[in-house]
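Below is one structure, written out as structure tokens; comments come after it.
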Amino acid sequence: MSLRNVLLALMLLVAVPGAMAQEQQVRLVSEEWLDYTNADGTGLAWDVLRKVFEPAGVKVKVQSAPYSRAVGLVKRGEADAWVGSYREENDDNLYPRWHFDMDHIYALGLAGKPQPTLETVGQYRLAWVRGYDYSSYLPNVRNFREVQRREGILPMLEHDRVDFYIDAQTEVEYVLGQAPEPQRFRSTHVAELPLYLAFTRSAQGEALRDLFDRRMAQLVRSGELKPIFERWKQPYPFTADSQPHP
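Numbered by mature numbering (1 follows the signal peptide of the UniProt record, and there is no 0), the letters in the sequence shown go through residues -21 to -1, 1 to 225 in order.
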């Protein structure tokens, strides 16, 4: 362990009462996304985050919860960070400078609808899962509705209650996979949004956030994360010139 990581471990001991008697850990909570944050601890995001924390001596403990509940668990201090936040999505949290992945955002609609772009998608009637707040990240959104579950999306599109369903690529593919006639629908890429951990606003959260930023800087420079993305057959979200958020 490097001197820097030793110092961080000491900071965590100070931040967490009784930590001398227990293993250092970071409690991460996420919605269950297929092959990304599976409930059994497998998936791309869990592998990336273990690579960030565990070589620095901090064990990753994972928990699955619906998105809005995950946010609440962190707010109440029952978890240290929730996975898959957009930057500054919630004022209650501390955000690192480094993202750990990119969300590939798609619009799903009937094949006969015009293909939206980032510049035009806001003029349509949109739907997304409650809590995702795409109106803060897509330009000029005026008409949208939030749904509790993805199961009702296809009927909403078929009955022209909304024009497009907005979600990350994997979730759009999941919804499309439920369609008896998938050729009736078309998905269109509209945006790339960096994904972050959102930490508790506490001394422990601050120490974990700072560790995350230091480790991400090391891993992006070394390219050590690239094999994880290759193993899960997902696009690598960094280049040699990648920089953290100012």
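Glycine is no exception: its CB is placed at the ideal position from the N, C-alpha and C atoms.
Please read these numbers as outputs of a predicted model, since none were measured by experiment.
For the segment 48 to 110, the continuous beta strand (DSSP E) assignments of 3+ residues that do not extend past its boundaries occur at 60 to 64, 80 to 89 and 104 to 108, in sequence order.
S166 places its beta carbon less than 9 Å from that of E152.
A check of alpha carbon separations from T16 across V5, Y85 and Q42 identifies Q42 as the nearest.
Taking every protein chain shown into account, the CB of N72 has 16 or more other CB atoms within 10 angstroms, so this residue is buried. Where R210 is concerned, the enclosing alpha helix (DSSP H) starts and stops at K205 to R210. Across the structure, G202 and G63 are spaced so that their CA atoms are roughly 21 Å apart.
R128 sits exposed, since fewer than 16 C-beta atoms from the chains shown fall within 10 Å of its C-beta. The beta carbon of E171 is closer than 8 Å to those of M81, D82, H83 and I84 in its chain, skipping five residues each way along the sequence. Judged by DSSP secondary structure, V169 falls within the beta strand (DSSP E) whose first and last residues are F164 to F178. Residue nearest to A35 within the set A24, R55 and E2 is E2 (criterion: CA-CA distance). The segment 192 to 200 makes no contact with the segment 90 to 98; the number of CB pairs closer than 8 Å stays below 3.
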